[in-house]
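Residue numbers (my numbering): 1028 to 1277. Down below is the structure, laid out as structure tokens.
What follows is the structure, given as structure tokens:
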């Protein structure tokens, strides 16, 4: 199975940011003849602090994502946090993503499955790969035509994540495609004074290790200037480095 790539900024900050990232994704897509999904969140409902930027919201955010599709022809992925969001989001995007903390939320999984779109379920930081059989069953029995699972590390101590790469082959027993979230896996949750820290220098090695364990999808949050990003800056890749990392996986 040919690998797919999911990339984009953590959260929608501005139309200019979406344009800059989308242009680079189109260039990389054409250079390597690969399948790329543009990812950005319209609402980051799970920020560490109530004072953190969350995004433009459902209505405006979906319009901005739809503009990316119209202008650049890219497939779209975004996450939902509440079941009522599934239907309107499914009208715009190709893949509905279930956040890791919410992967056991039955109503959310059912609503996403009923859209008929691909459902990408991120493995919770507190579950094993084998535990993901049950969220998959919920989505399958609710009519999902295609389900992906995404590895993003486990919490084993305070403010840190560790990846057990055995989760990748374990989850491939349930679904045809397992994605490695290479940037969220290097997070340091809540470790930066009311916001999440991270170690982006480990992202390339994280991706290569996942490839060795059989991953066939790779998720990269990326930004032209992560130090000024409004969410998840410390673990996002510099946009200028994305091509090199993708090339190493082909």
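Quick reminder that beta carbons are idealized off the backbone N, C-alpha and C, glycines included. All values derive from a computational prediction rather than experimental measurement.
task: Go to residue 1245, then tell me how far its beta strand (DSSP E) extends in each direction, as first and last residue.
output: 1244-1250
Residues sharing a beta bridge with residue 1265, DSSP: According to DSSP, residue 1265 shares a beta bridge with 1250.
task: Could you tell me if residue 1058 is buried or exposed, where buried requires 16 or more neighbouring beta carbons within 10 angstroms of its beta carbon?
output: The residue in question, residue 1058, is exposed, as its Cβ has fewer than 16 Cβ neighbours within 10 Å.
message: Would residue 1249 and residue 1048 qualify as a contact pair, given that the criterion is a beta-carbon distance under 8 Å?
response: Yes; because the gap between Cβ atoms is below 8 Å, this pair is in contact.
message: In the DSSP output, which residue or residues are listed as bridge partners for residue 1068?
response: 1038
task: Could you name the residues of the same chain whose beta carbon sits closer than 8 Å to that of residue 1085, not counting the 5 residues immediately before and after it, in chain order?
output: 1069, 1070, 1112, 1115 and 1116
message: Using only the alpha-carbon positions, how far apart do residue 1061 and residue 1146 sit?
response: 20 Å
Contact set for residue 1172: own chain, Cβ-Cβ below 7 Å, skip 5 residues either direction: Cβ within range, chain order: 1143.
task: Taking only the alpha-carbon atoms, compute the straight-line gap between residue 1188 and residue 1120 and give it to the nearest angstrom.
output: 29 Å
field: Assigned exposure category for residue 1181 - 16 Cβ within 10 Å defines buried
entry: buried
query: Using CA coordinates, which residue listed in 1064, 1228, 1124 and 1107 is at the minimum distance from residue 1099?
result: 1064
message: Whole angstroms are fine: how far does the CA of residue 1216 sit from the CA of residue 1186?
response: 5 Å
query: Between which two residues does the alpha helix (DSSP H) harbouring residue 1194 extend?
result: 1194-1198
field: Inter-residue spacing [alpha-carbon to alpha-carbon] between residue 1107 and residue 1228
entry: 28 Å
Sequence-distant residues of its chain with Cβ nearer than 8 Å to residue 1135 (five each side left out): 1107, 1108, 1109, 1110, 1113, 1125 and 1129
query: Around the C-beta of residue 1247, are 16 or more other C-beta atoms found within 10 angstroms, so that it is buried, or is it exposed?
result: buried
task: Pick out whichever of 1277, 1137, 1232 and 1191 has its Cα sitting closest to the Cα of residue 1174.
output: Taking only the C-alpha atoms, the option nearest residue 1174 is 1137.
message: Tell me which residue opens and which closes the beta strand (DSSP E) that residue 1112 is part of.
response: Run containing residue 1112: none; DSSP gives neither H nor E here.
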